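Step one of this worksheet: look at the structure below.
There are 2 protein chains.
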Amino acid sequence: MTKTPQFEPVQPIRAYQRIVEQVEDQLARGELTPGQRLPSERELVSQFAVSRSTVREALRVLESNGVVRSRAGDPNGPEVLPFSQVALRKQLVRLARVDELTLSELIGFRMIMDGAAIQVASRLRTPEQLDELEATLVAMRDAIDVDFDAFSQADLAFHELIARISRNTLIQTCNEVVRGVVLGLISDKIAHAPNSRSLMLESLHHHAEVVDAIRDGNGHAAARIARQNMYDYYAGYVPESDQETLQALIED
Amino acid sequence: MTKTPQFEPVQPIRAYQRIVEQVEDQLARGELTPGQRLPSERELVSQFAVSRSTVREALRVLESNGVVRSRAGDPNGPEVLPFSQVALRKQLVRLARVDELTLSELIGFRMIMDGAAIQVASRLRTPEQLDELEATLVAMRDAIDVDFDAFSQADLAFHELIARISRNTLIQTCNEVVRGVVLGLISDKIAHAPNSRSLMLESLHHHAEVVDAIRDGNGHAAARIARQNMYDYYAGYVPESDQETLQALIED
DNA sequence: AGCTGTGACTGGTCAGACCAGTGGACTAGG
DNA sequence: CCTAGTCCACTGGTCTGACCAGTCACAGCT
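Below you can see the structure in the form of structure tokens.
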């Protein structure tokens, strides 16, 4: 079976795209690191041998991707930014808004990631980290008396700590991003729920159970409790048809 | 406790940003749907009452976010694209490249996601989908005789099917992206490994075991085998110090 | 009817201009 | 000598107007 010669449709590469590529490549190779500055637009014009509008279009793309930031008048030129989750979150929010991504998918994702992180953390945690975990519990209890925002913040601290202990920043990042998206979708409903306080108390209780299981080194149980907790916390906001799918995630 | 008045730093909103917002808002409200066309750049110039360069910068941002696509000469104007995850994937790839994720983090992530997807899939799969899974196994076996690329492709098909059965496109997307990054990092080493063929055979064997467990509805076992498989497959490429962390992921 | 050539549009790029903002250098005051 | 204030060169943001190459719809030919 001989292959007939195959040609792919040739598509024009725009000048500004090649500029974007060059910058991103330098960034990937480490020749460009966060904090560094790009030459000024006019300087780039001569370096790339294109017009200023082309340079600017490239910069706009890079900027919208969170790679650089331009500030009017800054004599040092555009700044190369450290990676941030905002661009990632932006894309997730976009998908979620158009129902390409359902709330239950997001929550399911979190149940998995958070559970796994807790499971690993329970195996790798040091005694000091266990103390830290218990400190976050205290912070959560205190935050209940303030407002939902404060509680949410304390909850975030807890999960950040878990992720750090589990030594996997990818899990941590994904968790935070998805968490932000979920909260953005339903935080108003939660905050205005009549039983907001009891929900927070229950959540705190579950977190304490998780920490207990971690202390015992029972990662299996800790993860299960965490998933159950998250399910209880959010299940009311997802359609019934999806609840079954999420329940399948709880069990081990 | 009264709150002192808090002010946030005011940052200039660029003209092109407001254009982007307007377009995205119309899209979120459904007044603009995929397949529709935007007015031509010159028409947008008069509608937004800005210069063409400003309109173009806005279009470049929208284009890099996967919202629209401009084609030179198209009299119908820029096309509004259907929502896709390519932009999300782009950000994830960037995260993986920039954030200096270690290979073990990536693999750990995949062990978790793939295991979870398999677990859910074993609960939700229909008999027809089970047949499909077994078909992918046959395809994998056939691919072994071709080359590593073909096998890799068949493996991808397997995991894609799993993700579809588990009804969570977010898991699927993350899985694919991370898989791509991992393969990009070490595919050459695998392909040139002296025992490449035996590795593929072993991988196939493990996949078959997974399908067996799924058939029995034993999601727990299926997930464990999957994680074990992935660990065996990749463990040789991660530093010994990280292997322990990954091993912690295998157990339940 | 089917094909073809044409032309009025499109987007891609360029050149040059103006303005408001920034920050470092310079200067006046301690 | 050090600090506080001024200033200006340069920045990015935006505008105008121009040219080219690509695309598509349509008129006119076969």
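Sequence order for the protein chains is A and B. Using our numbering, read the first sequence as starting at 602 and increasing by one per residue. Using our numbering, read the second sequence as starting at 602 and increasing by one per residue. Even glycine gets a Cβ: it sits at the ideal position worked out from N, Cα and C. Because the structure is a prediction, the values reported are computed rather than measured.
| Check | Outcome |
| --- | --- |
| Chain A within 8 Å of R724 (chain B), Cβ atoms only | yes |
| Cα-Cα separation, N677 (chain A) to R661 (chain B) | 24 Å |
| Residue-level contact to chain A via CB, G709 (chain B), 8 Å cutoff | yes |
| C-beta atoms of N769 (chain A) and E706 (chain B) nearer than 8 Å | yes |
| L689 (chain A) vs L757 (chain B) beta-carbon contact at 8 Å | no |
| Candidates B:V721, B:R638, B:Q623: closest to A823 (chain B) by CA position | B:V721 |
| I812 (chain A), DSSP secondary structure in three states | In the sequence as presented, Ile is not what sits at residue 812 (chain A); that position holds Val. Looking at V812 (chain A) - three-state DSSP - the assignment turns out to be helix. |
| Endpoints, alpha helix (DSSP H) assigned at Q627 (chain A) | 616 to 629 |
| Distance between V839 (chain A) and P679 (chain A) (C-alpha atoms, nearest Å) | 43 Å |
| R657 (chain A), DSSP secondary structure in three states | helix |
| Status (buried if at least 16 other CB within 10 Å, exposed otherwise) for I614 (chain B) | exposed |
| Contact with chain A by I772 (chain B), beta-carbon distance below 8 Å | yes |
| For R711 (chain A), the three-state DSSP class (helix, strand or coil) | helix |
| Supposed close pair L784 (chain B), S753 (chain B) - CB separation, criterion 8 Å | 7 Å |
| Where R768 (chain A) sits in the DSSP three-state scheme | coil |
| Contacting positions in the segment 632 to 657 of chain A - beta carbon closer than 7 Å to chain B | S654, R657 |
| 4-residue-minimum alpha helix (DSSP H) runs that sit fully inside the segment 705 to 759 of chain A, ordered along the chain | 728 to 745 |
| Contact with chain B by E706 (chain A), beta-carbon distance below 8 Å | yes |
| Bridge partner(s) assigned by DSSP for R638 (chain A) | A:E680 |
| Local conformation of R672 (chain B) per DSSP, three classes | coil |
| Chain A contact for S665 (chain B) (CB, 8 Å cutoff) | yes |
| Below-8 Å beta-carbon distance, T727 (chain A) vs any chain B residue | no |
| Proximity below 8 Å, CB of N776 (chain A) to CB of H793 (chain A) | no |
| Where H808 (chain A) falls, given that 16 or more other Cβ within 10 Å makes a residue buried | buried |
| Contacts that Q692 (chain B) makes with chain A (C-beta to C-beta distance below 7 Å) | A688, L689, Q692 |
| Inter-residue Cα distance where the pair is I719 (chain A) and S767 (chain A) | 7 Å |
| Outcome for G709 (chain A) when other beta-carbon atoms lying within 10 angstroms are tallied against a minimum of 16 | buried |
| Chain-ordered neighbours of Y617 (chain A) on chain B, where CB pairs are closer than 8 Å | R661 |
| As assigned by DSSP and simplified to three states, the class of H793 (chain B) | coil |
| Separation of V811 (chain A) from A849 (chain A), as counted between CA atoms | 20 Å |
| Delimiting residues of the alpha helix (DSSP H) encompassing V694 (chain A) | 686 to 698 |
| Collapsed DSSP secondary structure at V646 (chain A) in the structure displayed | helix |
| N863 (chain A) burial status per 10 Å Cβ neighbour count (16 or more: buried) | The question about residue 863 (chain A) has no answer, for chain A in this structure spans 602 to 853. |
| Beta-carbon contacts of R780 (chain A) that lie in its chain and below 8 Å, excluding the five residues immediately before and after | R711, L757, H760 |
| L682 (chain A) vs P728 (chain A) beta-carbon contact at 8 Å | no |
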